[in-house]
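Below is one structure, written out as structure tokens; the observations come after it.
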Amino acid sequence: KKKHHQPSQSAPVIPFSSNDTMLLLGEADLSFSASLSTHHKCTSLTSTVFEPSLEALKEKYPHVESNISALLSPPNTTTTTSPRPPNNNKLLYNIDATKLSLKSSPPFSCIIFNFPHIGGKSKDVNRQVRANQEMLVGFFRRALLHLAPGGKIIVTLFEGEPYTLWNIRDLGRHAGLEVERSFRFQAGAYPGYKHARTLGVVRNRKTGEVSEGAWKGEKRESRSFVFVRKGEGEGGKNGQGRKRKLEEQEGEESSEEEEEFEGWG
1 KKKHHQPSQS APVIPFSSND TMLLLGEADL SFSASLSTHH KCTSLTSTVF EPSLEALKEK
61 YPHVESNISA LLSPPNTTTT TSPRPPNNNK LLYNIDATKL SLKSSPPFSC IIFNFPHIGG
121 KSKDVNRQVR ANQEMLVGFF RRALLHLAPG GKIIVTLFEG EPYTLWNIRD LGRHAGLEVE
181 RSFRFQAGAY PGYKHARTLG VVRNRKTGEV SEGAWKGEKR ESRSFVFVRK GEGEGGKNGQ
241 GRKRKLEEQE GEESSEEEEE FEGWG
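Count the sequence shown with UniProt numbering and you get residues 1 to 265, in order.
Structural data, given as structure tokens:
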């Protein structure tokens, strides 16, 4: 008999600390980066976007400048009595996650890629799946070169097809990684965050104005996967038990989830 859970009542999992040195890939409108800086007090963020310039970024996401300001502004010290560390956050343009090469940057303790997708409107599901799988494998291999010992790579995907068809656990294994755990991504844990489409904002075809009634991806069920280098995860029975407990708290029975993911591909 299956257990009935109420995941909406569970505390959100925050898989990083404000002390982590973080690399964020494919940050689109930078609302996630802004939330990490403003609300989670992260001061060692390297946020990257695929777009080649601020002008190109503003064309796709007209509201992006306020998020950039939140990411890069000095910390607000008027609301706290304890000293805040300096803001070392930075923004890099023209970064392809599959060709990642940040020669001047030290290794990162946490690398995050939220909702990776190649974009495009192809109706060929198999072609889309293969292209996104190739993109993720390329990302994993390049990210490993920038990952500090004991560091983690976190990828968040929507639940359901076609994303489950990507079989992300196997993709990580092929690149030399293993899933330490997974958990339900809760957008509400990141005030100000809104899911941004790869293709940019939705505009009214007649007026060209940004549509306010566009679909809100942050309300869709999503799951984050925490990858570590093979051998660095918590192996053995104790590690499996910890993983199972975490996933059950997020409203799923981990044993069934493992069988489901392992069986695809």
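Quick reminder that beta carbons are idealized off the backbone N, C-alpha and C, glycines included.
Separation of L147 from S109, as counted between CA atoms: The C-alpha of L147 is placed about 6 Å away from the C-alpha of S109.
Using alpha carbons as the reference points, say which of P83, S44, H174, A28 lies closest to F140. Considering only alpha carbons, the answer is H174.
Any idea which residues DSSP pairs K230 with across the strands? In the DSSP output, where bridge partners are listed per residue, K230 has none listed.
Between which two residues does the alpha helix (DSSP H) carrying S109 extend? Boundaries for S109: no alpha helix (DSSP H) harbours it, while the beta strand (DSSP E) harbouring it runs 108-114, taken from the DSSP string.
Beta-carbon contacts of F227 that lie in its chain and below 8 Å, excluding the five residues immediately before and after: Apart from sequence neighbours up to five positions away, the residues of its chain that approach F227 with a beta-carbon distance below 8 Å are F140, K152, I153, I154, V155, G172, L177, E178, V179, E180, ordered along the chain.
T46 and K90 look like a contact to me (Cβ under 8 Å); what is the Cβ gap, rounded to whole Å? Between K90 and T46 the Cβ distance is about 5 Å, and since that is below 8 Å, they are a contact.
Any beta strand (DSSP E) of 3 or more consecutive residues that is wholly inside the region 102-163: Listed in chain order, the complete beta strand (DSSP E) runs (minimum 3 residues) inside the region 102-163 are 108-114, 147-158.
Assign K90 to one of three DSSP states: helix, strand, or coil. In this structure, K90 counts as strand in the three-state DSSP scheme.
Among R223, Y193, L102, which has the Cα closest to the Cα of L30? The shortest Cα separation from L30 among R223, Y193, L102 belongs to Y193.
Endpoints, the alpha helix (DSSP H) within which S35 is located: Segment 31-38, the alpha helix (DSSP H) holding S35.
With 16 other Cβ atoms within 10 Å as the buried cut-off, status of E27: Buried: at least 16 other Cβ atoms inside 10 Å.
Please state the DSSP three-state secondary structure of V179. Strand.
What are the boundary residues of the beta strand (DSSP E) that includes S47? Run containing S47: 45-48, per the beta strand (DSSP E) assignment.
Can you check which of these residues, M135, F32, A143, F185, is closest to L157 by C-alpha distance? Selected option, being the one with the closest Cα: F185.
So, residue 269 versus L57, is the Cβ gap smaller than 8 Å? Coverage of the chain is limited to positions 1 through 265, which leaves residue 269 absent and any answer about it impossible.
Host alpha helix (DSSP H) of L24 (start-end): Taken as a continuous stretch (DSSP letters only), L24 belongs to no alpha helix (DSSP H), being part of the beta strand (DSSP E) at 22-25.
Segment limits, alpha helix (DSSP H) that includes A70: A70 -> alpha helix (DSSP H) spans 64-72.
Quick check on the DSSP output: the alpha helix (DSSP H) that includes H174 runs from which residue to which? For H174, the uninterrupted alpha helix (DSSP H) run begins and ends at 168-174, by DSSP.
Bridge partner(s) assigned by DSSP for R223: Answer is L157, R184.
For T98, tell me which candidate among L72, G119, L136, G120 has the shortest Cα-Cα distance. The residue with the shortest Cα to Cα distance from T98 is L136.
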